[in-house]
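Just so it is clear: in the sequence shown, position 69 is 68 by numbering that gives the first Met the number 0, and no numbers are missing.
Here a beta-carbon is modelled for each residue, glycine too, at the ideal position from N, C-alpha and C.
All values reported here derive from a predicted model rather than from experimental measurement.
Everything below concerns the one structure shown next.
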Amino acid sequence: MENLKKNAEFQKIYNFGKKSYGHYSLVFFMKNNLDHNRCGFVASKKIGNAVCRNRIKRLFREYYREMEEKIQVGYDFIFVGKRSAGEKFKELKFQEMKKDIDKVFKRSNLFKD
0 MENLKKNAEF
10 QKIYNFGKKS
20 YGHYSLVFFM
30 KNNLDHNRCG
40 FVASKKIGNA
50 VCRNRIKRLF
60 REYYREMEEK
70 IQVGYDFIFV
80 GKRSAGEKFK
90 ELKFQEMKKD
100 IDKVFKRSNL
110 FKD
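In structure tokens, the structure reads:
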């Protein structure tokens with residue numbers, strides 16, 4: 000997995016990509032015409048303190064690491080944590096987050112067939 004780092008890369012995906020919502024997350028995605036995927040993980044200060052934001056980003060990274068071989072290749076993804084995830088971050092289990100993001104990816108047809 001390659002990470003998105005530059006603000007311009009994020010802005011391009013925000014402005015020209017598609018998005019899909021879940022209960023705990025929002026996923027922006029866009030074709031990148033490369034032979035691999037790139038990811039960015041975002042949790043704003045509106046979600047909670049640093050501990051909360053880092054936990055949510057860790058859950059996103061773990062989801063992507065676990066599901067990488069099932070996800071279509073050639074996309075840029077930005078995983079954005081929602082306030083509902085921040086309010087529940089202490090009790091939020093990986094399985095809940097996984098189920099939520101799975102729905103988002105299925106709705107957007109981003110899994111390999």
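- DSSP, reduced to helix, strand and coil, places SER19 within a strand of the structure shown.
- Using a Cβ distance threshold of 8 Å, GLY21 and VAL79 do not count as a contacting pair.
- The continuous alpha helix (DSSP H) containing VAL103 extends over residues 93 to 106.
- Two segments are said to touch when three or more pairs of C-beta atoms, one from each, lie closer than 8 Å; by this definition the region 5 to 15 does not touch the region 42 to 54.
- Straight-line spacing of the CA atoms in GLU8 and LYS92 works out to 30 Å.
- Residue environment analysis places ARG37 among the buried positions, since at least 16 neighbouring C-beta atoms fall within 10 angstroms of its C-beta.
- Just so you know, the alpha carbons of LEU3 and PHE40 end up roughly 8 Å apart.
- For secondary structure counted as the beta strand (DSSP E) over 3 or more consecutive residues, the region 2 to 76 holds these complete runs in sequence order: 17 to 20, 24 to 30 and 37 to 41.
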